[in-house]
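S.K.: My questions will all concern the structure given below.
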């Protein structure tokens, strides 16, 4: 996935922020923070994961499905990869 390599640093920074958010949830639970605080933190992580998934899906579609120079077989393989990933994601 060359498109992941091209924006690798941004993706890793985003993932590190998500890891920090998850660590904050663990700390909040460990320190007996109120449930509203934890719920808000979990909602933030869910949004961050959703944003990461959106970016990865868009990049995949642009590189492996929508490029006019792809063969029909390559486009079909890219679409199938996306379908399988989305099936797992929405479970």
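In the working numbering, the protein residues as written are 303 to 393. Just so it is clear, CB atoms sit at the ideal spot from N, CA and C, and this is done for glycine as well.
(1) Please go through the same chain and pick out, in chain order, the residues whose beta-carbon is closer than 7 Å to the beta-carbon of residue 331, but skip the five residues on each side of it.
(2) With DSSP as the reference, label residue 333 as helix, strand or coil.
(3) Between the segment 323–337 and the segment 363–374, are three or more C-beta pairs nearer than 8 Å?
(4) Between residue 325 and residue 318, what straight-line distance do the alpha-carbon atoms span, to the nearest angstrom?
(5) When we look at the beta-carbon of residue 380 and count the other beta-carbons within 10 Å, is it buried (16 or more) or exposed?
(6) Quick check: the segment 367–385 against the segment 343–356, are at least 3 beta-carbon pairs closer than 8 Å?
(7) CB-CB under 7 Å to residue 344, same chain, minus the five flanking residues each way: which ones, in chain order?
(8) Between the alpha carbons of residue 323 and residue 378, how many angstroms are there, rounded?
M.R.: Taking the definition as stated:
(1) 340
(2) coil
(3) no
(4) 10 Å
(5) buried
(6) no
(7) 327
(8) 37 Å
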